[in-house]
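A.B. asks: Please find one structure pasted underneath; my questions will follow.
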Amino acid sequence: MIKNNFESNTSTYELFPVSGKQVELSFSGDTISSDGGLLLLREVENQINIIDNLSQCLTDNRDQRYIDHTIKEMLTQRIFQIASGYEDCNDCDELRNDMIFKTCAGRLPQSGKPLASQPTMSRLENSLDSKSLYRMESLFLDTFISSYDKQPEVIILDCDDTNTDTYGQQELTLFNQYYQNHCYMPLHIYEGLSGKLVTTILKPRRRSKQSNIASLLKKLINHIRKDWPDTMIIVRGDSHFTSADFMQWCDTKYKIGYITGVSGHKKLHENAKVTIDSAEREFKKYGKFVKRYHSFFYQAGSWHKPQKIVVKVEVSDLGTNIRYIVTNQVDFKAKGLYEKGYCARCGMELRIKEHKLYLKSDRASCSSFKANQFRLFLHSAAYILLHTFQKEVLKNTQFENSTFKTIQNKIIKTAAWVKELKTKVKIELPKSCPSKQIQSNCFEMFSLLRT
């Protein structure tokens, strides 16, 4: 049975009885939030200041006399919504009065004005110019660099692109034969040893030409090299990132390496023939799975010199599987280069999964290409906040290696009661909370950092 409460404009629902008492329910708890764990992300933001720095990349052309929402407040609102699982811009309308979101954005939970609505947020997304996006791109690189206490001995730049399906008439979206849909192909770059995000760049549906990829990687590496002159930088990716121009550039630079896939062809098969034949004979003789590695030097017509090629040959009931990689790391053995050097890039697939599946970064529904790039940056900022929270704050806990979805479900999705008093804001979390001890330790740690 449903009863209407006309004074509060809500409905009361009668549920099942408990011990003879009727249970009534209504959506009228205006001082209750379902996302109390966002307060910990707010503390993370206070330490790394990525949202504050992003807000300074944007030029605010509005008449300051008539605005209700600053750029920083809107970025905080949007990024925190993404981090807690509310990826749609439409969610702003429902959450603009949520007391935890208001507190995280720097507004008083009860007396403060509501946060931005969906139309206001959409206007922000479509107001960005190329200069602002360029500054944001540079900021992500600076944020990555500043996340290290000192210059690392080595970093690995894992590069890969993924599809973002589009709908309607978005700019620069075309049909992709492989994915059988209209899409963008954003490029994701992460640090392979730590999982830290380096940058994300939205691209049209076609995979960029190797010359364009080479130009982008050179620019990125030069930016990093200014702060880390002695760090060994290794680029790792599939055959799409095997560019003759980029390989030549790496070979002329100090401590720049690459381990990338290379497409197999007749010439490479001829060089690997002895290994292939030997593996096939062994499988034919014993009927057991065979895996072999071999390395040799080979020079393609466009390459400036012979490069080290590693071939992996697998023979099983499914047939012969042959894979090649090319690298300038000549001092390592073939098996180690392939298994520990190249195959370790599979961890990047998990990073993309966090970014795309759990933070829903594939919601590119804006008509403008620039607006969709801006959205991708917002999701990347949410990734950085959650990754920092996971690897630094939750270190040595059960959540250190968990997925973002687990962190959202078990920490961020903590009910919170909020009350604004005359001299303070009081927030209470549930007494019965499975992650209570971990959250308590985190809040205590942040309290010590402020003293």
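Here the sequence shown is numbered in our numbering, starting from 593 and rising by one per residue. For glycine and all other residues, C-beta sits at the position ideal for the given N, C-alpha and C. Bear in mind the structure is a predicted one, so any value in this text is a computation, not a measurement.
(1) Using DSSP's beta-bridge definition, name the partner residues of Lys883.
(2) Where Ser1045 and Leu731 are concerned, what is the direct C-alpha to C-alpha distance, given to the nearest angstrom?
(3) Tell me whether Val610 sits in a helix, a strand or coil according to DSSP, three-state version.
(4) Report the partner residues of Ala1008 according to the DSSP bridge assignment.
(5) List the DSSP bridge partners of Thr1043.
(6) Whole-angstrom Cβ separation of Arg828 and Ile851, contact assumed at under 8 Å?
(7) Are the Cβ atoms of Leu725 and Phe966 separated by less than 8 Å?
(8) Check the DSSP bridge columns for Asn768 and list the partner residues they point to.
(9) Just checking my contact of Val854 with Ile917 at CB under 8 Å: how many whole Å lie between their CB atoms?
(10) With burial defined as no fewer than 16 other Cβ atoms inside 10 Å of the residue's Cβ, what is the status of Gly621: buried or exposed?
(11) Any chance you could list the alpha helix (DSSP H) runs of at least 4 consecutive residues sitting entirely within the region 944-1022, in chain order?
(12) By Cβ distance, which residues of its chain are closer than 7 Å to Leu667, with the 5 residues on each side in sequence left out?
(13) Using only the alpha-carbon positions, how far apart do Lys945 and Tyr678 sit?
(14) Keeping to the same chain, check which residues put their C-beta closer than 7 Å to that of Ile659; ignore five residues upstream and five downstream.
(15) Which residues in the same chain have their Cβ closer than 7 Å to the Cβ of Glu599, if we skip the five residues on either side of it in sequence?
(16) Classify Lys925 as buried or exposed, calling it buried when 16 or more other Cβ atoms lie within 10 Å of its own Cβ.
(17) Just to check my reading of the structure: Met777 and Asn755 have Cβ atoms closer than 8 Å, yes? What is that Cβ distance to the nearest angstrom?
(18) Within its chain, find whatever has a CB closer than 7 Å to the CB of Leu978; leave out the 5 residues flanking it on each side and keep chain order.
(19) Which runs of the alpha helix (DSSP H) spanning at least 4 residues fall entirely within the region 640-708, listed in chain order?
(20) Helix, strand or coil: how does DSSP classify Ser724 here?
(21) Is Ser618 helix, strand or coil by DSSP?
(22) Is His896 helix, strand or coil when you go by DSSP?
(23) Pick helix, strand or coil for Tyr850, following the three-state DSSP scheme.
(24) If you reduce the DSSP assignment to three classes, tell me which class Phe875 lands in.
(25) Between which residues of its own chain and Leu700 is the CB-CB distance below 8 Å, once the five residues before and five after are set aside?
(26) If Lys1005 and Ser626 are in contact, beta carbons under 8 Å, what's the gap, nearest whole angstrom?
(27) Report the three-state DSSP secondary structure of Thr602 (helix, strand or coil).
(28) Assess contact between the region 807-816 and the region 858-878, defined as three or more Cβ pairs (one per stretch) separated by less than 8 Å. Is contact present?
(29) Measuring only the C-alpha atoms, how far is Leu968 from Val882?
(30) Using the Cα positions of Asp830 and Glu1020, report the straight-line distance between them to the nearest angstrom.
(31) Return the CA-CA distance between Cys842 and Ile848, expressed in angstroms with no decimal places.
(32) Are there three or more Cβ pairs, one per stretch, closer than 8 Å when the region 925-942 is compared with the region 951-960?
(33) Output the boundary residues of the beta strand (DSSP E) element that contains Leu586.
(34) Taking its Cβ as the centre, do 16 or more other Cβ atoms sit within 10 Å of Met1037, making it buried, or is it exposed?
(35) When you compare the CB positions of Leu766 and His774, do they come within less than 8 Å of one another, or not?
C.D. replies: In brief:
(1) Answer by DSSP bridge pairing, in chain order: Glu906.
(2) Outside the shown range of the chain (593 to 1043) lies residue 1045, about which nothing can therefore be said.
(3) Val610 falls in the strand class under three-state DSSP.
(4) In the DSSP output, where bridge partners are listed per residue, Ala1008 has Ser625.
(5) For Thr1043, DSSP records no beta bridge to any residue.
(6) Contact flag correct, Cβ pair sits at about 5 Å.
(7) Phe966 sits close to Leu725, with the two beta carbons spaced by under 8 Å.
(8) Asn773.
(9) The C-beta separation of Val854 from Ile917 comes to about 6 Å, placing the pair in contact by the 8 Å criterion.
(10) By the neighbour-count rule (16 or more Cβ atoms within 10 Å), Gly621 is not buried but exposed.
(11) Counting whole runs of 4 or more residues, the region 944-1022 contains the alpha helix (DSSP H) stretches 961-980, 996-999.
(12) Closer than 7 Å at Cβ, skipping near neighbours: Ile643, Leu646, Ser647.
(13) Straight-line Cα distance between these residues: approximately 17 Å.
(14) Correct list: empty, nothing qualifies.
(15) Because the pLDDT of Glu599 is 48, which lies under 50, any placement of that residue in the model is unreliable, and the number read from its coordinates should be weighed accordingly. Excluding five sequence positions before and after Glu599, none of the CB atoms of its chain fall closer than 7 Å to its own CB.
(16) Exposed, by the Cβ-count rule.
(17) About 6 Å separates the two Cβ atoms, so the contact holds.
(18) Ala675, Phe996, Ile999, listed in sequence order.
(19) For secondary structure counted as the alpha helix (DSSP H) over 4 or more consecutive residues, the region 640-708 holds these complete runs in sequence order: 642-647, 663-675, 683-687, 691-696.
(20) DSSP, read as helix, strand or coil, puts Ser724 in helix.
(21) Of the three classes helix, strand and coil, the one that applies to Ser618 here is strand, per DSSP.
(22) Note: His896 maps to coil in three-state DSSP.
(23) Strand.
(24) Helix at Phe875.
(25) Lys694, Glu1012, Val1017.
(26) Yes, they are in contact, since the Cβ atoms of Lys1005 and Ser626 sit about 6 Å apart, within 8 Å.
(27) The answer is strand: DSSP assigns Thr602 an E or B state.
(28) Output reads no: the region 858-878 does not touch the region 807-816.
(29) In this structure, the alpha-carbon of Leu968 lies about 43 Å from that of Val882.
(30) Across the structure, Asp830 and Glu1020 are spaced so that their CA atoms are roughly 49 Å apart.
(31) Cys842 and Ile848 have their alpha carbons spaced roughly 5 Å apart.
(32) They do not touch, by the three-pair rule.
(33) Missing from the structure shown is residue 586; the chain here goes from 593 to 1043 and no further.
(34) Around the CB of Met1037, fewer than 16 other CB atoms lie within 10 Å, so the residue is classed as exposed.
(35) Less than 8 Å separates the beta-carbon of Leu766 from that of His774.
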